[in-house]
Each structure stands twice: as C-alpha cells, then as structure tokens.
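First the structure, in the form of structure tokens, and then the observations on it.
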Amino acid sequence: MFLKNIKYAFRNLKRDKFYTVLNGIGLTIGMTVALLIFMWIQDEVSYDNYHSQNGQNYLVVANTSFGGERTWGVRTPAPLQFAIKEQIPEVQKVARTSGLWKPVLKYENFVLSVNKTFLVDAELFQILDFEFLQGDPNTALSNPNSIILTDENAHKIFGNENPMGKTVKLDDKLDLKITGIIKSPPSNTHLPVDCFIPFENNVNQYYSENSMSWRSFNFSTYLTLRPNTDVEKIGKKITTLFPILESEAEKNRSYAELHPVRDIYLGLGKVKFGFPKGDPVTIKLFGWIAFIILLIASINYINLTTARAAHRAKSIGIKKIVGASRSQLIGQHVMETVCMVVICSWGALLLTQFGLPFFKETSGKEFTTQTVFSQTTIGLIGLLALITILLSGIQPAFQLSAFRPVQVLKGSGFKGIDGKSGLRKFLVITQFVSSAALIICTVFMLRQMDFIQSKKLGYQKEHIFKFTHNVESTQRLKTALEKEPAIKDVAISDQSIVSITNSISGIRWEGVDGRQDLQLFSMHTGSNMKDFFGLEMKNGRWFNRSANLDSMSFILNESAAKAMNLDQPVGKWIDMWGERGTIVGLVKDFHFQSFHSEIKPLIFRQTADWFPTMYVKTKGDDAAIAIAAVEKVFKQHSPNEVFKYEFLDETFNNLYKSEMKTGNMFSLFSLIAMIISCLGIFGLATYTAEKRFKEIGIRKVLGASALSIVNLLSKDFLKLVFIALIIAIPLAWYFMKNWLNNFAFHINLDWWVFAVAGLIAIGIALATVVFQSARAAMSDPVESIRSE
Amino acid sequence: MIQLRNLERYYKSGFQKSWVLKGINLDVKQGEFITIMGDSGAGKSTLLQIIGMLDAANKGEYNFFDEEVHRFNEKKRTELYKHYIGFVFQAYHLIDDLTVYENIETPLIYRGIKSKERKPMVAELLDRFNIVAKKDLFPDQLSGGQQQLVGLARAIIGKPKLLLADEPTGNLHTKQGEEIMQLFKELHNEGMTIIQVTHSEKNAQYGDRIVHLEDGYVREDKNVNELLERN
Chain A
1 MFLKNIKYAF RNLKRDKFYT VLNGIGLTIG MTVALLIFMW IQDEVSYDNY
51 HSQNGQNYLV VANTSFGGER TWGVRTPAPL QFAIKEQIPE VQKVARTSGL
101 WKPVLKYENF VLSVNKTFLV DAELFQILDF EFLQGDPNTA LSNPNSIILT
151 DENAHKIFGN ENPMGKTVKL DDKLDLKITG IIKSPPSNTH LPVDCFIPFE
201 NNVNQYYSEN SMSWRSFNFS TYLTLRPNTD VEKIGKKITT LFPILESEAE
251 KNRSYAELHP VRDIYLGLGK VKFGFPKGDP VTIKLFGWIA FIILLIASIN
301 YINLTTARAA HRAKSIGIKK IVGASRSQLI GQHVMETVCM VVICSWGALL
351 LTQFGLPFFK ETSGKEFTTQ TVFSQTTIGL IGLLALITIL LSGIQPAFQL
401 SAFRPVQVLK GSGFKGIDGK SGLRKFLVIT QFVSSAALII CTVFMLRQMD
451 FIQSKKLGYQ KEHIFKFTHN VESTQRLKTA LEKEPAIKDV AISDQSIVSI
501 TNSISGIRWE GVDGRQDLQL FSMHTGSNMK DFFGLEMKNG RWFNRSANLD
551 SMSFILNESA AKAMNLDQPV GKWIDMWGER GTIVGLVKDF HFQSFHSEIK
601 PLIFRQTADW FPTMYVKTKG DDAAIAIAAV EKVFKQHSPN EVFKYEFLDE
651 TFNNLYKSEM KTGNMFSLFS LIAMIISCLG IFGLATYTAE KRFKEIGIRK
701 VLGASALSIV NLLSKDFLKL VFIALIIAIP LAWYFMKNWL NNFAFHINLD
751 WWVFAVAGLI AIGIALATVV FQSARAAMSD PVESIRSE
Chain B
789 MIQLRNLERY YKSGFQKSWV LKGINLDVKQ GEFITIMGDS GAGKSTLLQI
839 IGMLDAANKG EYNFFDEEVH RFNEKKRTEL YKHYIGFVFQ AYHLIDDLTV
889 YENIETPLIY RGIKSKERKP MVAELLDRFN IVAKKDLFPD QLSGGQQQLV
939 GLARAIIGKP KLLLADEPTG NLHTKQGEEI MQLFKELHNE GMTIIQVTHS
989 EKNAQYGDRI VHLEDGYVRE DKNVNELLER N
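Going line by line, the protein sequences match chains A and B. For what it's worth, the numbering used here labels the leading residue of the first sequence as 1, then goes sequentially. For what it's worth, the numbering used here labels the leading residue of the second sequence as 789, then goes sequentially.
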C-alpha cells in the first residue's frame, strides 16, 4: 500500500507537469527562504551554547548612577573579583576580562592588528570553554609576559612554523612569549577573541592605575556558581560588596545582578554598550515571515490541487466504489504531497547552497556548505517539510476524499467542487494580505533608511575620513598634514562626531544653586571645527584660534541651552567642579547620535591636550591620494601604529547597520512572498482559462471582444486582490507605526505611499493574470468549439 | 438475500418533490440473475445504486442478508458493500492513471490483502479473461470491450456475493457485448447473484427474471421462462 501510494503519487505528479512544476517552484523557493531564515535564527539563538558549564556560568552586570541617570553595564570594578573570591563561597570560579585599545602585534617585520585582545585571569578558561591546541590552560598565563593566540592569528604571523615559545612585541612596548594556541572560537560567541594576556604585566597602564579602584567600571567579571545556588541571592550579596563611596548619595549606589552567559547575546537588552547584541524582536519577526512564506507557498499548492479536483473526482469516486475507505484515500493524497515536499526539500537544500553568498551579503551571516548539510540543517529542513505537509497536504486530502461516488456515476459534473470555492477565495485573500502588507512595510522601511541617509544632519560629512592615533603632539601631526596638497583641511577632537558618547554632569551655571545632575554630552575640539563641519552658530562665536585665550570658554548647542533653562546663554558662566568659564557661543542643534534618539544637550570645550581623533577633508573626489598622503605622514609620526581610516559616511552607516541588514532581508523576503503569491494566481488563472476554453470560444463567435474576455477572466482575481489590499493597509499601518516609533526622527506614514504600494501590488497581480487571460482571449475560437 | 419494502426515492426542488422511485417491493434470492428494464428516466439506475448502497432511499426498508441497510450511515454501508458487492458500469469507469493489472488489483488493496496473496488472484482473472498480454497497458490503450473485461474482472476479484451491472454492454458493439454477456452467464452458473440494468431484450434473455420499471413503479416482475411462454 505504502509503496503503491508513492508510485501512484509520482505518476500523478508527472501527468500534470505544468501544475507540478508551478507548485514545485513555489514550494522550493518558499522552503529555501524558510530554511535560510531558520538557519539564521538557529545561529542567533545558539550564541554561547557551547560552554560546558553554561548552567552555572554568569556575568556580573552592574547598575550604576551616572549624572543622575542610572544605566546597566557589563563592566564592573577590578577589585570585585577578589572580594567575591573571599566572601562568597557559593562562587566556584571567578575571572575578569578587560579589552585593550587597538593593540598591535609585531613579529620581525610583520605587523598584525589584534583588536580583540583581552587581559584575563587564567581562571577564565575554567569558566568558559576555549579549546587549547597547544599549551596548558592552567599554566599558560602564569608568566606575566605571556600571550595566548588563536590558531588563525598564529597562522597569519608564523605561517606553518610552530609559534610556541616565540616572542612577539605588543604595541612596541612589551615582549610577550607565546605560551598557548587556542582554536578560534565559533562565530556565535559574545566574546570573539584574538589574543589573551595576563593582567599581571604593565601593558595596560589603565589597569595598573585602577586595579584597586571601585570607581572604574571597566572589567567584565565572569563566574561559575556551585550547583543549586540561588542566583538572585548571590546578586544581592555581590551588591553588598560595593563599598559606599564618600561622595555618593545612597540613591546613587551601584548594585549588581547575575546574568547567564548563555543569554548575553539575546537577553541583555537593558545594556546599551558592551557585547555584540542580537535582537529577539527581529528573530521573532523573521520567524513569522518564514511561516508566512511557507503558508503562501502551501496555499498555492492547496488551491491548485483543489481547483483542479474535477478531473480527480472520477478516479476518487471509482476508488470508493471498489472499496476504498476515506482514510485510505486521504492517505493516498497526503502521500502525493509528501512526495512533492520531499523533492522540494532537496531542491531547497541545493538552492540554499547556491544562495549562500547572496544571503551573506544581505544578512551578514556566513554559512558554509558544511552548515547547509549539517545535522542541524537537515533536522530543520525535516521540520520545514513536516510543517509544509501539514499546511498544504491535509486540507486537499480531506476535501478530495469527500466526493460521493454517486456524483461520479451521474456524471453530472462536479458542482460541489467548483461552487465550493469560498475557501479558495479566502486563501487567495490571505496570500495577498500577507504579501501586500509585506510590500507596504518594505516601502516604508526603505524610505526610512533613505530618509536617514539623506536627512540633513546639521553638519557636512562628505569627503571626510577620520582616523585615530597615539601621537603625543596632535598639533605637530595636524600641521604636517595641512601641508599636504591633496588635503583640504584637518580637524581634531577627542571622539567621533558621528556618535558622541562622552558626557559630564555635576556642573553649576549662572542662575542655579549647587551642582546639577543634568547630563551634558561633551566634546573637546579645536578652533576650526565649526568651519570644517559647517556647523551653524545661533548666537555668539566659535573658539578663537589661540587655544589659550579660550581655555575656559564653552559653546552649547540649542538643546543644552534649553535643558539648562538659559534664554540668553552667551556670556553666562558655567562652573565645572570649581573652575569657572564663560559660554561664548550657541550652536544650532545637529545630529551627533543616531536618529533613534532625540538631540541631546551638548557642550564643546577645548581644554584637553590630547585629541586622538583626527578628521581629514579631501580635495575633490580623488580620496586615494589624500589617504596615501595621510598614511605617509602618519608613519613618520608614529611608525609602529597601524594606520586605519574610515569615511564618515561609513561610520554613519554603521549606526544603522542592523536596521539596514534587517531592512535588506525584509525587502528580499517580501519580494519572494509576492513572487510566490503570483505563481499561485498565475496557476489559477491558467486553469480558469483552460476550463473556460470552450466558453471563451462561444463568446468570441458571438462577437465578444478580446478585451471583454480578458476582463471576464481577470476581474474575479482582481476583486480578491483588491479586498486583500483593503485588509493589508491597516495591518501594515499598525506594524509600521510601531517600527517607526523606534526612531526619534522618522518619516510620516503618508497615505500616498500606501496608495502607490497598493497600486504596485495590484499591478503585479494584474500582469500575472492578464497574461494568461489574454492568451486565452487571443486564441482561435474555431479550435475550441471544434474540440468538442 | 435482498428485501425491498415500500422503497421511495425523491428529490426536492423548492417545495415540490419529484419521485424517482415509489413504492418499490422486491425480493432477490441468492443465485438469481435479475434484469431491470424500463425506459429512460424510469428509475433503473437509481434502483441499482440503492441496492448497491451507493445511494440511500428516502423512505422504506432495505434488508441485505438480514442487515437493516436503511438504518445504516454512509460509513457502515461502505463497509458492507465493500465486502459483498461488485459493480460494472456502462462507461467502464476504470481509473485512468492505473494499468490494467493495477485496476484489477485495486479492490484487494483496499481490503488490505497482502501483495503475495493478491498476485495469484489477479493472475487468475487475467488468464480467465484472456487479457494477460494487456496487463501493463493503461485503459486508454484498450478497446471498449477490453476495458469492460477489465471492469468485470475488477468487479469480481473480491469474490462478491452480488454483482451489479449498469448497462454493461451499452457502449459496446454486438460481438463484444455477447462476449461480456457470456461471461455473466458463466458467473451466474457458478452461483453468483447478478442484477443488471439494460435496454436490450436480447441481453435480458441471459438472466432468469425480468423486472420492468415505469415512472418509478414496478410494472411487471416475471420469470424469463414465463415471458418466453407468453410470447
């Protein structure tokens, strides 16, 4: 019976080639997209799942008060580790990590920048899993001047030579002996790493100075608890370890919680900076899209199968007469679906394989052939196949098996089937509601991205690149650069203007009593900043050329003046922790952070003596000459540093990288959903035209024009698409309103965009249907009538 | 074997009922070969379908081997006819997608008979009907007579107690028709109960009893011999 059913199923599929191929394409594309999404989700949710002690591994997260605002962070003070070790026996292991700032390794003449270099306590290797290919995790970091490299980096430096025992120079300061080689951790880790170095050396001045300070939150503290420990209680215990600092009010005290390591990537929404972060909402969103696309493809299958049921009705009736029970018939039809889906699953696997490079570009995730044919993926496709079979196989099987044999004998046609198209209409509407809503959302997402890229920031970022440096005399470097002919201008500051993150608080100003909690973002810069970026003054002036004259001058943005309640800020004084200066200018608001947030209060100063960020404006469009010139000068001033530059456009785009990726994937999936929906109505239209072949012939003989026949055949479909649109618009409106709320600055939900997107949807549907209808309408009427 | 008492079958259209069968009383004994005759629209096929349990009467009693069929639901009727009844149709009604062999085999599959036991049963019938050479062909590759042979083989492979035939020779030319009727006669001689619907007086002679329907009533119910004597 089982084998027979498979045999019959293939025979049926082969006989209706056109519809089998149409269904096959839809299902294969649908399953491919769903598989890619599933793989993406699988990767997102599997972050850090490989640590063997995950059940007891935690990261200490701390809530600290900063300028009156409380924020969560993944960094804690260095001495916390010792306190935990001494006072909390439930903690089995505890270790810290702290990243180095843009370190560089040098071996003979080879220079490698190793951005992900961490100072660590050796106990970390007993908490998190790192695979040691060479060296002993227990002793590799015993000597303060040792270093552990990943196999990847070791290969880059030493090729096939054995790196163990060799000495590399870090940041041109310190000789480190290689005492261990670890396998590069998998890509789905919150802690991607290049090298590990022990804390107990003087690589990091910052650490040496702050190793005993409870004020400096710059260390990640990981720990392993003993089994069956009350996690919340330990968090509270750790909180009590933070000493109350003299200047701190009780309400400003820091407190700690434990966060599972397994959940750092997806579960740390409350922490803004620190580790790479995934977005559970996006995961859910894409999960739904995968389901919708599968549903759309399955609806095609259902509709094309049941619409053409008439010619199946006879054999079903006869089978019943010769003794088939309903369940046997259902089994037979489900088997047909199973065969179809199994073939499509293989197709989907192959297509996925080919689609990987493209998917990588869109999503930023890299999957290899091994991932595609891994056990997990095969499991996923199995799951997908099962879902698809349930979605698309069950309904037709039940509907088809319900025919009564008497109907067959009467040969009275199968009114029951054709008339019962209510479900089919509903399904077509469902398809187009989903795909039209997706298309509308895509249009708004793309418009928002466009809006972000084209919106006036309030400063010019074109033809400017920035780089950071360790050169002590910024002025000398700047002067040298200004002499280069390819360079138009050079500006300096302490951080990137695209995303200003430094801030101050606790200042006083004219008209208020005592220190204020107000948080002001703060930037140190020079006298040409205003002209360099084209900032506009509202009042007053920018800094003088001579820094000394303006050492205690401040410039505010409009938001700051407003937040400080200063109507006429220019000329008023500000007291910064005992030193008083004057506000000399008021600059118009500009966007110095992402569009997700409002424009915050900002203060410019030029008191710093070190400006690690330098901006270069190129002359004309040929940036390459300018870059080469800067690199040359840079090398002269800082021969051991690696020169790295980034255009501001790029920096700016990075702010929205995740949205861009989400947007790209979303548009791709919407497009595919629309294509699959259209495949469905294409099939239905073809079938309708076939079925009404004779009717069309008679109508034409009676004098109907081709246009009226196209109209006759298309209007039913277009009606459905139109109804779908009416449902899709409010749905899309609701989703987009929520999504746009993530941006403090966003586009409006203009009605005309809905109209245009709607027209596009109708247009595509029209094109699909009319093609078939027109073909039928153009056919020779004699042929259709003669065929009877 | 079969008792029909006051059987009625009607269709409602609006408030009007139009009767197809009215007040039918009929007794069929095991081993009989009955022919149902009558003009088009007399209700012959409907009666056959009700006897074959593909259709149900609106009123009246139907007893089949002492089972009260009129009280059965569709599922139970299916279970019953699956084991006791075989059908032959004017339009053959073979399954287009299946080969001759597979068409004949189908009823056995649905009864859950194992492949090993099916093979000799199908082979025997192919042999008996002289269609061994055609076993791998599809119905549209056969002549009408050959198709009806397959239809008959399919109807009897399950060894039914009752064989129902709705104008089995209606689409065939004379010689093929005679061949089929000869087979019916053989089956009858082997003890099978047969009810056939036909327009052909000649075919009716193969049976031993003729029931004449007219506008849904039984007009006449006589033995073939009696009728022959009357003529």
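Here a beta-carbon is modelled for each residue, glycine too, at the ideal position from N, C-alpha and C.
Endpoints, the beta strand (DSSP E) within which residue i is located
i        : result
A/Val512 : Element bounds for A/Val512: n/a, residue is neither H nor E.
B/Leu952 : 950 to 954
A/Thr607 : Looking at the DSSP string, A/Thr607 is not in any beta strand (DSSP E), and its letter there is neither H nor E.
B/Ile812 : 804 to 816
A/Gly585 : 579 to 587
A/Thr618 : 613 to 618
A/Glu646 : 645 to 647
Helix, strand or coil at residue i [DSSP, three-state]
i         : result
A/Gln134  : strand
A/Thr28   : helix
A/Asp489  : strand
A/Lys415  : With a pLDDT of only 45 at A/Lys415, under the threshold of 50, the placement of this residue in the model should not be trusted, and no figure is reported.
B/Gly1004 : coil
A/Asp279  : coil
A/Asn54   : helix
A/Arg541  : coil
A/Glu788  : Confidence in A/Glu788 is poor, its pLDDT being 40 and thus under 50, which makes the residue's placement unreliable; the coordinate value appears in the next sentence. DSSP places A/Glu788 in coil when its eight states are reduced to three.
B/Thr957  : coil
A/Ser374  : coil
A/Ile504  : strand
A/Trp573  : strand
B/Ile873  : strand
B/Phe821  : strand
A/Ala222  : In the sequence under discussion, the amino acid at residue 222 of chain A is Tyr, which differs from the Ala named in the question. The answer is strand: DSSP assigns A/Tyr222 an E or B state.
A/Met523  : strand
A/Ala95   : strand
A/Leu105  : strand
A/Lys455  : coil
Proximal residues of chain B, C-beta to C-beta of residue i below 8 Å
i        : result
A/Tyr19  : The premise fails here: A/Tyr19 is roughly 15 Å from chain B at the closest Cβ pair, so nothing lies under 8 Å.
A/Asn793 : This structure leaves residue 793 of chain A out entirely; chain A is present only between 1 and 788.
A/Thr15  : Checking the displayed sequence, the identity of residue 15 of chain A turns out to be Arg instead of Thr. Ordered by position in chain B, the residues that pass the 8 Å Cβ test against A/Arg15 are Asp885.
Chain B residues whose Cβ lies nearer than 7 Å to that of residue i
i        : result
A/Ile321 : Leu842, Phe875
A/Pro822 : What the structure shows of chain A is the stretch from 1 to 788, and residue 822 of chain A is not part of that stretch, so it cannot be assessed.
A/Ile318 : His881, Ile883
A/Lys4   : Ile897
A/Ser315 : Ile883, Asp884, Asp885
Identified DSSP bridge partners for residue i
i         : result
A/Ala62   : A/Gly73, A/Ala256
B/Glu796  : B/Lys847
B/Gln1009 : Strictly speaking, residue 1009 of chain B in this sequence is Asp, with Gln absent from that position. In DSSP, B/Asp1009 forms a bridge with B/Val999.
A/Ile148  : A/Gly180, A/Phe196
B/His858  : DSSP, once it has assigned bridges, lists no residue as partnering B/His858.
Partners in chain B for residue i, counting only beta-carbon separations shorter than 9 Å
i        : result
A/Gln399 : Within chain B, no residue comes near A/Gln399; the closest Cβ sits about 17 Å away, beyond 9 Å.
A/Arg308 : Those within 9 Å of A/Arg308 in chain B number zero; the least Cβ separation is about 14 Å.
Chain-ordered neighbours of residue i on chain A, where CB pairs are closer than 7 Å
i        : result
B/Arg942 : Val322
The alpha helix (DSSP H) enclosing residue i, as first and last residue numbers
i        : result
B/Thr981 : It is not in any alpha helix (DSSP H) - B/Thr981 instead sits in the beta strand (DSSP E) that spans 981 to 985.
B/Lys832 : 832 to 839
A/Phe110 : Careful: A/Phe110 lies outside any alpha helix (DSSP H), inside the beta strand (DSSP E) at 110 to 113.
Contact set between residue i and chain A, taken where Cβ atoms lie within less than 9 Å
i        : result
B/Ala949 : The sequence shown places Lys at residue 949 of chain B, not Ala. Chain A residues near B/Lys949: none, gap ~14 Å exceeds 9 Å.
Between the segment 44 to 68 of chain A and chain B, which residues of the former have CB atoms less than 7 Å from a CB of the latter, in chain order? From the segment 44 to 68 of chain A, no residue has a Cβ closer than 7 Å to chain B.
Residues in the segment 814 to 847 of chain B with C-beta within 7 Å of chain A's C-beta atoms, listed in sequence order? Residues Gln837, Leu842, Asp843.
Check distances from the C-beta atoms of the segment 978 to 993 of chain B to those of chain A and list, in chain order, the residues that come in under 9 Å. Considering only beta carbons, no part of the segment 978 to 993 of chain B lies closer than 9 Å to chain A.
Residues, ordered as in the chain, of the segment 882 to 906 of chain B that lie near chain C by beta-carbon distance below 7 Å: Of the protein chains in this structure, namely A and B, none is chain C.
Along the segment 847 to 872 of chain B, where does the CB come closer than 9 Å to a CB of chain A? Name the residues. The segment 847 to 872 of chain B vs chain A, Cβ under 9 Å: Glu862, Lys863, Thr866, Glu867, Tyr869, Lys870, His871.
Along the segment 324 to 338 of chain A, where does the CB come closer than 7 Å to a CB of chain B? Name the residues. Of all residues in the segment 324 to 338 of chain A, Ala324, Ser325, Gln328 have a Cβ within less than 7 Å of some Cβ in chain B.
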